[in-house]
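Q:
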Amino acid sequence: MPWFASSHNAAPQSVQPVVRLGRDSGKREFALLRWGLVPFWAKEAKPAYSTINARAEEVAQKPAFREALKKRRCLVPADAFYEWQRLDAKTKRPFAIALKSGEPYALAGLWESWKPKEGEALETFTILTTDPNELMEPIHNRMPVILEPQDYDRWLEPGDPARPPLDLLRPFAAEKMRAWPVSERVGNVRNNDAELLEQL
Numbered sequence: 141m142p143w144f145a146s147s148h149n150a151a152p153q154s155v156q157p158v159v160r161l162g163r164d165s166g167k168r169e170f171a172l173l174r175w176g177l178v179p180f181w182a183k184e185a186k187p188a189y190s191t192i193n194a195r196a197e198e199v200a201q202k203p204a205f206r207e208a209l210k211k212r213r214c215l216v217p218a219d220a221f222y223e224w225q226r227l228d229a230k231t232k233r234p235f236a237i238a239l240k241s242g243e244p245y246a247l248a249g250l251w252e253s254w255k256p257k258e259g260e261a262l263e264t265f266t267i268l269t270t271d272p273n274e275l276m277e278p279i280h281n282r283m284p285v286i287l288e289p290q291d292y293d294r295w296l297e298p299g300d301p302a303r304p305p306l307d308l309l310r311p312f313a314a315e316k317m318r319a320w321p322v323s324e325r326v327g328n329v330r331n332n333d334a335e336l337l338e339q340l
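Numbering-wise (the numbering used here), the sequence shown opens with residue 141 and increments by one.
1. Taking only the alpha-carbon atoms, compute the straight-line gap between LEU347 and THR191 and give it to the nearest angstrom.
2. Is the stretch 298-314 close to the stretch 216-228, with three or more CB pairs under 8 Å?
3. Along the chain, where does the beta strand (DSSP E) containing GLU172 start, and where does it finish?
4. To which residues does DSSP link SER253 through a beta bridge?
5. Residues in its own chain within less than 7 Å of GLY162 by CB, not counting five upstream and five downstream?
6. Pair every Cβ in the stretch 245-254 with every Cβ in the stretch 204-223, then say whether three or more of these pairs are closer than 8 Å.
7. Who are the near neighbours of SER241 in its chain, counting only those whose CB is closer than 8 Å to its CB and skipping five residues on each side?
8. Can you give me the start and stop residues for the alpha helix (DSSP H) that LEU296 sits inside?
9. In or out: MET135 buried (at least 16 other Cβ within 10 Å) or exposed?
10. Look up GLU274 in the DSSP assignment and say whether it is helix, strand or coil.
11. Taking only three categories from DSSP, how would you classify ALA314?
12. Using the C-alpha atoms, what's the distance from VAL158 back to TRP320?
13. For VAL322, name the three-state secondary structure that DSSP assigns.
14. Quick one: what's TRP143 bridged to in DSSP?
15. Grouping DSSP H, G and I as helix and E and B as strand, with all else coil, what is PRO234?
16. Nearest by alpha-carbon distance to GLY166: which of GLU324, ALA238, ASP293 is it?
17. Have a look at ASN328 and TRP181 and give me their C-alpha separation to the nearest angstrom.
Put into structure tokens, the structure is as follows:
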């Protein structure tokens, strides 16, 4: 298992832990991947901001994500995520969102390996998003897909590539979640301390 520190403000293009099935062992493993998927067929590894998330309803059709959905699914562990609520044209307020239980959870992710002409392969990932539940709706029009623990195996297992488990890509139960306002300091990725999660 690779060593990694906790992060209180994970940002696109940062390296984060994901759980996937090992290529040789077929067993779960932690891997450190860069957030922002680079498709295996890309001409260069220039990250596209648009690939940090993949919309669940489009993922099976989008060329950037289609192959990863069939063969390279992963779990992205977290115990909270941030989202910004738009109050008016100029004002946004950040919220932290977590499970009421306080337990960590897994977001549905896809990973990819991009090989340059020379040097080591670059491994990247994206997080799947879906429609908001009742808790998230007043805050934002999307939410990450949170998987139930009993669905982890099904999401990770290769199964039939022609029939990926798209039924798991749905809003999580709102009654199991809570949201609270946090400091606007989360808007600067240089801030990365536990106080970011404190309720205002």
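By construction, the Cβ of each residue, glycine as well, lies at the ideal position given by its N, Cα and C atoms.
A: For this structure:
1. Missing from the structure shown is residue 347; the chain here goes from 141 to 340 and no further.
2. Result no; under three Cβ-Cβ pairs closer than 8 Å.
3. What you label residue 172 is simply residue 32 of the sequence shown in a count that begins at 1. For the record, residue 172 in the displayed sequence is Leu; it is not Glu. In the DSSP assignment, LEU172 falls within the beta strand (DSSP E) that extends over 168-175.
4. Taking the first residue of the sequence shown as 1, we reach residue 253 at position 113. Partner(s): GLU263.
5. For the purposes of this step, residue 162 is taken as residue 22 along the sequence shown, with counting starting at 1. If you ignore the 5 residues before and after GLY162, its C-beta comes within less than 7 Å of the C-beta of GLU169, all in its own chain and listed in chain order.
6. Because the criterion of three Cβ pairs below 8 Å is met, the stretch 245-254 and the stretch 204-223 touch.
7. Counted from its first residue, the sequence shown places residue 241 at position 101. Cβ neighbours of SER241 within its own chain (closer than 8 Å, five residues either side excluded): LYS316.
8. Working through the sequence shown from its first residue, we reach residue 296 at position 156. LEU296: member of the alpha helix (DSSP H) spanning 292-296, first to last residue.
9. Here the chain has residues from 141 to 340 only, and residue 135 is not among them.
10. Taking the sequence shown and counting its residues from 1, the one referred to as residue 274 is at position 134. Note: GLU274 maps to coil in three-state DSSP.
11. Reading the sequence shown from its first residue, position 174 is the one you call residue 314. Correct three-state label for ALA314: helix.
12. The residue labelled residue 320 in the question sits at position 180 within the sequence shown. The residue labelled residue 158 in the question sits at position 18 within the sequence shown. Cα to Cα, the separation comes out at about 26 Å.
13. The residue labelled residue 322 in the question sits at position 182 within the sequence shown. Reduced to three states, the DSSP call for VAL322 is coil.
14. Here residue 143 corresponds to residue number 3 of the sequence shown, with the count starting at 1. Within the DSSP bridge table, the entry for TRP143 names no partner.
15. Here the question's residue 234 lines up with position 94 in the sequence shown. In the structure shown, the three-state DSSP call for PRO234 is strand.
16. Working through the sequence shown from its first residue, we reach residue 166 at position 26. Nearest C-alpha to GLY166: ASP293.
17. As a position in the sequence shown, residue 328 is number 188, starting the count at 1. As a position in the sequence shown, residue 181 is number 41, starting the count at 1. For ASN328 and TRP181, the distance between alpha carbons rounds to 32 Å.
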